[in-house]
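Engineer:
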Amino acid sequence: MASASAAAPAVSFQPGRRAPPPPRCTHSERGVSFDPGAAFYRSDSAPGRDLAVLAATLHRRRRPDPSAPFLCLDAMCGSGVRALRYLAQAGADFVWANDASDALHPVIVGNLSRFEPVPPDGQRRWVVSHLDATRLLAERYLRREYFDVIDVDSFGSEAEYIRAAFLALKIGGLLYLTSTDWRSARGYGGKWWRIRN
Ligand SMILES: C[S@@+](CC[C@H](N)C(=O)[O-])C[C@H]1O[C@@H](n2cnc3c(N)ncnc32)[C@H](O)[C@@H]1O
Numbered sequence: 001m002a003s004a005s006a007a008a009p010a011v012s013f014q015p016g017r018r019a020p021p022p023p024r025c026t027h028s029e030r031g032v033s034f035d036p037g038a039a040f041y042r043s044d045s046a047p048g049r050d051l052a053v054l055a056a057t058l059h060r061r062r063r064p065d066p067s068a069p070f071l072c073l074d075a076m077c078g079s080g081v082r083a084l085r086y087l088a089q090a091g092a093d094f095v096w097a098n099d100a101s102d103a104l105h106p107v108i109v110g111n112l113s114r115f116e117p118v119p120p121d122g123q124r125r126w127v128v129s130h131l132d133a134t135r136l137l138a139e140r141y142l143r144r145e146y147f148d149v150i151d152v153d154s155f156g157s158e159a160e161y162i163r164a165a166f167l168a169l170k171i172g173g174l175l176y177l178t179s180t181d182w183r184s185a186r187g188y189g190g191k192w193w194r195i196r197n
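According to the UniProt record's numbering, the sequence shown is numbered sequentially starting from 1.
Here is the structure:
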């Protein structure tokens, strides 16, 4: 079982990347403007993101040490809309936004850039990476970097990521799982599956 860590995780910088252009903000979700770019984004899934923000907000208020930095990790962030909402609406002090596709880098960075990556207080607010989710979570665990909230929003079943996610979660942390198809982490599809098959 992971032990809790209060400090924000150490992050490695990637020098040489150009500052992204400001986001075009073609979309707005619950008052948060962003550009989905070429990322997978479904406006119909907004209620799932609302619940994620609500659950994270409640968790932030009820966690054992409310004075510690509140750290969120979005393992499959797409455009970064969830990561952005964790910063803007759930009171996250730091968000790690990851998507396997590095083609999404300018979109994600552009969307998060409304928050200074490193504000004057020196506490980094966000980082973007492009790793397989299991590798990212395992690396965080090996570095003893644990998160209050881990969000895994996968295509298909999210079940294969649960073990790695628990490793990188603080004790008593919140693991928020969603998937874009019908198959749930329970391993079966429920009533709808039975009707269709
Ligand atoms: C359902 S979309 C994410 C949508 C986003 N969370 C949202 O709310 O709009 C899933 C994302 O996971 C990324 N992805 C797929 N497999 C991955 C993996 N093994 N590790 C990390 N990212 C992955 C895809 O590139 C895609 O952007």
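Glycine included, every Cβ here is placed at the ideal spot set by N, Cα and C.
1. Using 8 angstroms as the cut-off, classify the Cβ of Asp74 as near or not near the heavy atoms of ligand 2, replying yes or no.
2. Three or more beta-carbon pairs under 8 angstroms between the segment 91-98 and the segment 116-125, yes or no?
3. CA-CA distance, Cys25 and Thr178?
4. Going by DSSP in three states, Trp192 sits in which element: helix, strand or coil?
5. Suppose only complete runs of 3+ residues qualify. What are the beta strand (DSSP E) ranges in the segment 57-137, listed by chain order?
6. Using only CA atoms, which one of Arg63, Met76, Ala39, Val53 lies nearest to Thr156?
7. Between Pro117 and Gly110, what straight-line distance do the alpha-carbon atoms span, to the nearest angstrom?
8. Suppose you measure from the CA of Ala164 to the CA of His130; what does that come to, to the nearest Å?
9. When you compare the CB positions of Val127 and Leu84, do they come within less than 9 angstroms of one another, or not?
10. Please identify the residue among Tyr141, Phe166, Arg144 whose C-alpha is closest to the C-alpha of Val152.
11. Just to check, is the beta-carbon of Phe155 closer than 8 angstroms to a non-hydrogen atom of ligand 1?
12. Hey, out of Pro64, Asp65, Ser28, Leu87, whose CA is closest to residue 261's CA?
13. Which two residues bound the contiguous alpha helix (DSSP H) that contains Phe34?
14. At what residue ranges does the segment 144-177 contain a whole run of the beta strand (DSSP E), taking only runs of 3 or more?
15. Look at Gly172 and Pro64 and say whether their C-beta atoms are less than 9 angstroms apart.
16. Rounded to whole angstroms, how far is the Cβ of His59 from the Cβ of Asp132, which I believe are closer than 8 angstroms?
17. Kindly list the residues whose CB is nearer than 7 angstroms to the CB of His105, restricted to its own chain and excluding five residues on each side of it in sequence; keep chain order.
18. Pro45 bridges to which residues according to DSSP?
19. If you draw a straight line from the C-alpha of Asp57 to the C-alpha of Gln89, how long is it?
Structural biologist: Reading it off the structure:
1. The model on display carries ligand 1 but not ligand 2.
2. yes
3. 25 angstroms
4. Because the pLDDT of Trp192 is 47, which lies under 50, any placement of that residue in the model is unreliable, and the number read from its coordinates should be weighed accordingly. Helix.
5. 71-74, 94-98, 126-129
6. Rather than Thr, the amino acid found at residue 156 in this sequence is Gly. Cα-wise, what sits closest to Gly156 is Met76.
7. 11 angstroms
8. 17 angstroms
9. no
10. Phe166
11. yes
12. The structure shown does not extend to residue 261, since the chain spans only 1 to 197, so no value can be given for it.
13. Here Phe34 belongs to no alpha helix (DSSP H); instead the beta strand (DSSP E) covers 32-34.
14. 147-154
15. yes
16. So it is not a contact: roughly 26 angstroms between Cβ atoms.
17. Val128, His130
18. Per the sequence shown, residue 45 should be read as Ser rather than Pro. DSSP lists no partner for Ser45.
19. Reading the sequence as shown, one finds Thr at residue 57 and not Asp. In a straight line, the C-alpha of Thr57 is about 8 angstroms away from that of Gln89.
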